[in-house]
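**Q** Residue numbers (the UniProt record's numbering): 1 to 270. Quick one: the structure is below, questions incoming.
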Amino acid sequence: MRLKQELYEIIFEADTPKGKAFDVILLITILISILLVLLESVPSINAEYRGLLRILEWVITLVFTLEYLLRIFIVKRPFKYIFSFYGIIDLLAVLPTYLSLVFVGSHSLVVIRAIRLLRVFRIFKLNRYTVAGNNLSRALWSSREKIFVFLFFIINLVIIVGTLMYLIEGPENGFVSIPSSIYWAIVTMTTVGYGDISPQTPLGQLLASVVMIAGYAIIAVPTGIVTAEMMRTPDKTNTQVCPQCLHDKHDNDAVFCKKCGTPLNGTHQS
């Protein structure tokens, strides 16, 4: 039980030098694994260094496999972790490499490529080991209702603008349907401006000008919402994770889990 407690404090927390070192090692490993996925997609690099890339990938996969098994071993409720968000991400981090061994043969090359590209999901593991990432996640979650209302407003707006542009310009000017006009409204409002569809009539160009100007103001709204929430959200550096329910949003002076009341700091395993 003492071993479990020590492993728990190293893997699930970062208040100790060993815990911080563990997080740093995993961060570096994750970044290297993502870099390998990018390099594998370059034909010249993959052709020349395929063997080295495969060896490095298997080393990284074994590291993530060991981490995944250790997490299952030390938590009090393994199935709670396995079916949690991070548990699924941790599984996706190791599964593609092993599945590539099953799908063999030239006819399965496309399947293997699709499966192995799932390794890019390891990028989601980065958030767990960065305080800034946790703060941003909390700010996004806290402002979810405001963001939803904002997105609902934008959806309504692009539908209205797209429909108006369809009526003004019509199929003869490239606006062949309302959905394609909505696509134009989204591209224009986000100031992307592909240029594949553009209004030709003076009234259509006037509406497009209004939409483009409004787009600059609209883009700033979600940024302001999240920024305001981040200013209100305290910068919590507490890394305690409840061994019972895996809740990780605790105050710095917390001794018990605010969600289920389980003692923190691994005291339940003493």
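Here a beta-carbon is modelled for each residue, glycine too, at the ideal position from N, C-alpha and C. Since the structure is predicted, the reported quantities are computational estimates derived from the model, not experimental observations.
1) Can you pull the DSSP bridge partners for P263?
2) Just verifying my parser: in three-state terms, what is the DSSP assignment at L206?
3) Give me the residue from L140, N173 and G204 with the minimum Cα distance to V161.
4) Please classify F64 as buried or exposed, where buried requires at least 16 other C-beta atoms within 10 Å of its C-beta.
5) I need the straight-line Cα distance from I10 to V210, nearest angstrom please.
6) Under three-state DSSP, which class holds G51?
7) Do the CB positions of E57 and L36 come within less than 8 angstroms of each other?
8) Whose CA, out of F12, Q244 and I32, lies closest to the CA of D23?
9) Is it buried or exposed, G87, if we count other Cβ atoms within 10 angstroms and call 16 or more buried?
10) Out of curiosity, what's the CA-to-CA distance linking residue 279 and V226?
11) Can you say whether V241 is buried or exposed, counting buried as having 16 or more other CB atoms within 10 angstroms of its CB?
12) Might you give, ordered along the chain, the residues of its own chain that have their beta carbon closer than 6 angstroms to the beta carbon of S143, omitting 5 neighbours on each side?
13) Cα separation between L206 and P199?
14) Which of the three DSSP states is assigned to V158 in this structure?
**A** In this structure, then:
1) Counting from 1 along the sequence shown, the entry for residue 263 is found at position 263. Bridge partners of P263: F256.
2) For the purposes of this step, residue 206 is taken as the residue at position 206 of the sequence shown. Of the three classes helix, strand and coil, the one that applies to L206 here is helix, per DSSP.
3) Here residue 161 refers to the residue found at position 161 of the sequence shown. For V161, the nearest C-alpha among the options comes from G204.
4) On the sequence shown, position 64 is the one that residue 64 refers to. Buried, since its Cβ has 16 or more Cβ neighbours within 10 Å.
5) Your numbering for residue 10 matches position 10 in the sequence shown. Your numbering for residue 210 matches position 210 in the sequence shown. Answer to the nearest angstrom: the Cα atoms are 55 angstroms apart.
6) Taking the sequence shown and counting its residues from 1, one reaches residue 51 at position 51. Reduced to three states, the DSSP call for G51 is helix.
7) For the purposes of this step, residue 57 is taken as residue 57 along the sequence shown, with counting starting at 1. For the purposes of this step, residue 36 is taken as residue 36 along the sequence shown, with counting starting at 1. It is a contact, given that the beta carbons lie within the stated cut-off.
8) Numbered from its first residue, the sequence shown carries residue 23 at position 23. Out of F12, Q244 and I32, F12 has the C-alpha closest to the C-alpha of D23.
9) If you number the sequence shown from 1, residue 87 lands on position 87. Per the 10 Å Cβ criterion, buried.
10) In the structure displayed, the chain extends from 1 to 270; residue 279 sits before or after that span and is not available.
11) As a working note, residue 241 is residue 241 in the sequence shown. Buried: at least 16 other Cβ atoms inside 10 Å.
12) Counting from 1 along the sequence shown, the entry for residue 143 is found at position 143. Here the set comprises I225, V226 and E229.
13) Here residue 206 refers to the residue found at position 206 of the sequence shown. Here residue 199 refers to the residue found at position 199 of the sequence shown. So the two alpha carbons sit approximately 9 angstroms from each other.
14) Along the sequence shown, one-based indexing puts residue 158 at 158. When secondary structure is reduced to three states using DSSP, V158 falls in the helix class.
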